[in-house]
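> Okay, handing you the structure first.
There are 2 protein chains.
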Amino acid sequence: MTNPTGHEIAEALGLLLRRSTRAGLHAQLTEGLGEAVDELTYPVLSGLARTGPCSAADLGREVGLDRTTVTRRADRLEEAGLLRREADPGDRRATLLVLTDAGQGVVRTTRERLAARIEDSLASWPAADARAFARLLRVFVDEGPFHA
Amino acid sequence: MTNPTGHEIAEALGLLLRRSTRAGLHAQLTEGLGEAVDELTYPVLSGLARTGPCSAADLGREVGLDRTTVTRRADRLEEAGLLRREADPGDRRATLLVLTDAGQGVVRTTRERLAARIEDSLASWPAADARAFARLLRVFVDEGPFHA
DNA sequence: CGGAAAAGCGTGTCCGACGCACGCTAAAGT
DNA sequence: ACTTTAGCGTGCGTCGGACACGCTTTTCCG
Numbered sequence: 001m002t003n004p005t006g007h008e009i010a011e012a013l014g015l016l017l018r019r020s021t022r023a024g025l026h027a028q029l030t031e032g033l034g035e036a037v038d039e040l041t042y043p044v045l046s047g048l049a050r051t052g053p054c055s056a057a058d059l060g061r062e063v064g065l066d067r068t069t070v071t072r073r074a075d076r077l078e079e080a081g082l083l084r085r086e087a088d089p090g091d092r093r094a095t096l097l098v099l100t101d102a103g104q105g106v107v108r109t110t111r112e113r114l115a116a117r118i119e120d121s122l123a124s125w126p127a128a129d130a131r132a133f134a135r136l137l138r139v140f141v142d143e144g145p146f147h148a
Numbered sequence: 001m002t003n004p005t006g007h008e009i010a011e012a013l014g015l016l017l018r019r020s021t022r023a024g025l026h027a028q029l030t031e032g033l034g035e036a037v038d039e040l041t042y043p044v045l046s047g048l049a050r051t052g053p054c055s056a057a058d059l060g061r062e063v064g065l066d067r068t069t070v071t072r073r074a075d076r077l078e079e080a081g082l083l084r085r086e087a088d089p090g091d092r093r094a095t096l097l098v099l100t101d102a103g104q105g106v107v108r109t110t111r112e113r114l115a116a117r118i119e120d121s122l123a124s125w126p127a128a129d130a131r132a133f134a135r136l137l138r139v140f141v142d143e144g145p146f147h148a
């Protein structure tokens, strides 16, 4: 083998993927944030946080789900008060999905919990390593093998 | 903010997760490897490659699936000749799931394709960066925030 | 040593999620 | 003005996942 780096990274990524999709992790990150926030609805919520107000169809393209699936999940989130539907002022057919303050809070809390968890595990690292890792990971993701 | 590293890494990981679960990626990596290998059955196959011969229940714990779900997916893989069932010599109730040569080939091919893809994207990196990234990623995964 | 309890497996069955198809309303095109 | 297209919600068919049951074998204990 001339260069084992590819295999090393592939193995680590596989492990990372498996760990991060373990059921327990999501439950920990969203604990106490309401029954409506689960593995299914959270991607819709956080996708909406990324895109800003948009239609169910656009959000579906963003998160890789069918339009109708987004609608159904949005129903639950709306009932829980985490998002609301607004009429698009420019198009009277369209309905915009908009995060409520509560919904933004859920996303922010979840993200901060994850970030804190990551920082905890990096606490024992040399500062230079932590910075280097953050930088290299960012580059890897942006122009990486999953066709950016 | 005293240290933005946690948020930076969290955001990059989120992006990585979304990209890597995009439907197209798995299709590319397993192209031409048979109809039986899809997003559902591959985790069983690769899990079995990690554990070696084991029972459906043990494999279920490994990959985070119910015992019966593993059985059903193993049925498809067995029909395709990628794994076989063997009687456990030490326990006549137990059935061991064992990869066939074809099954090992599928796992190996998929892994090599992924590794090659990763190496391609790293080709333009300084060699020191690539080595550092592989090392740091490994440490991050091993003793990282997802309760190693 | 023998019977009860437990472990292992496969399958029948229910439940939930997903996506297609339909019908409706509104916008755009001709 | 009429047709075509875009957007949305909802009723259904389909599929995957987990629980519950029955069977066999092993283990435990009296």
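Same order as they appear, the protein sequences are chains A and B.
Position one of the first sequence corresponds to residue 1 (the UniProt record's numbering), numbered consecutively onward.
Position one of the second sequence corresponds to residue 1 (the UniProt record's numbering), numbered consecutively onward.
For each residue, glycine too, the CB sits at the ideal point set by N, CA and C.
Computed from a predicted model, the values in this text were never measured in an experiment.
Does any CB atom of chain A fall closer than 7 Å to the CB of residue 15 of chain B?
Closer than 7 Å to some Cβ of chain A, the Cβ of residue 15 of chain B qualifies, so yes.
> Pair every Cβ in the region 54 to 67 of chain A with every Cβ in the region 123 to 131 of chain A, then say whether three or more of these pairs are closer than 8 Å.
The region 54 to 67 of chain A vs the region 123 to 131 of chain A: no contact.
> Which residues in the same chain as residue 63 of chain B place their Cβ atom closer than 8 Å to its Cβ, once the five residues preceding and following it in sequence are excluded?
Within the same chain, residue 63 of chain B has close Cβ partners 43, 44, 47, 70.
> Could you check which residue in B:61, B:102, B:66 has the C-alpha nearest to that of residue 78 of chain B?
It is B:102.
> Using 7 Å as the threshold, is the C-beta distance between residue 99 of chain A and residue 88 of chain A below it?
Contact flag unset, no.
> Rounded to a whole number of angstroms, what is the C-alpha to C-alpha distance between residue 5 of chain B and residue 134 of chain A?
Computed Cα separation, rounded: 6 Å.
> Cutting at 8 Å between CB atoms, please list the residues of its own chain near residue 66 of chain A, excluding the five before and the five after it.
Counting only Cβ-Cβ distances below 8 Å, and skipping sequence neighbours, we find 60.
> Near residue 86 of chain A, what residues of its chain come up, given a Cβ to Cβ distance below 6 Å and the 5 sequence neighbours on each side ignored?
If we look at residue 86 of chain A and ignore the five residues flanking it on each side, its Cβ neighbours are 96, 98.
> Measuring only between beta-carbons, confirm whether residue 1 of chain B sits less than 7 Å from chain A.
Confidence in residue 1 of chain B is poor, its pLDDT being 49 and thus under 50, which makes the residue's placement unreliable; the coordinate value appears in the next sentence. Not one chain A Cβ lies under 7 Å of residue 1 of chain B.
> Am I right that residue 8 of chain A and residue 138 of chain B are in contact with their C-beta atoms under 8 Å? What's the rounded C-beta distance?
Contact holds; Cβ gap of about 7 Å.
> Taking all protein chains shown into account, decide if residue 23 of chain B is buried (16 or more other Cβ within 10 angstroms of its Cβ) or exposed.
Exposed, by the Cβ-count rule.
> So residue 100 of chain B is in the alpha helix (DSSP H); what residue range does that whole segment cover?
Unbroken run through residue 100 of chain B: none, as it is neither H nor E.
> Cβ of residue 36 of chain B within 7 Å of Cβ of residue 76 of chain B?
Cβ atoms of residue 36 of chain B and residue 76 of chain B: closer than 7 Å.
> Relative to the C-alpha of residue 110 of chain A, which candidate in A:49, A:13, A:19 has its C-alpha closest?
Measuring from the Cα of residue 110 of chain A, the nearest candidate turns out to be A:49.
> Starting from residue 135 of chain B, follow its DSSP beta bridges and name the residues at the other end.
BP columns for residue 135 of chain B are empty, so no partner.
> Would you say residue 119 of chain A faces chain B, with C-beta separation under 7 Å as the test?
Yes, contact with chain B.
> Following the continuous beta strand (DSSP E) through residue 39 of chain A, name the residue where it begins and the one where it ends.
Where residue 39 of chain A is concerned, there is no enclosing beta strand (DSSP E), given that its DSSP letter is neither H nor E.
> Please list the partners that residue 105 of chain B has in chain A, where partner means a Cβ-to-Cβ separation under 8 Å.
The contacting residues do not exist; residue 105 of chain B stays about 16 Å from chain A at best.
> What residue range does the beta strand (DSSP E) around residue 8 of chain B cover?
Run containing residue 8 of chain B: none in the beta strand (DSSP E); it sits in the alpha helix (DSSP H), 5 to 21.
> Which residues in the same chain as residue 114 of chain B place their Cβ atom closer than 7 Å to its Cβ, once the five residues preceding and following it in sequence are excluded?
Cβ neighbours of residue 114 of chain B beyond the five flanking positions: 29.
> Under 7 Å Cβ-Cβ, which residues of chain A neighbour residue 114 of chain B?
Per Cβ cutoff of 7 Å: 10.
> Any idea which residues DSSP pairs residue 85 of chain A with across the strands?
Residue 85 of chain A is bridged to A:97.
> Quick one: list the residues of chain A neighbouring residue 29 of chain B, beta-carbon separation under 7 Å, in chain order.
Correct list: empty, because the minimum Cβ distance to chain A is about 10 Å.
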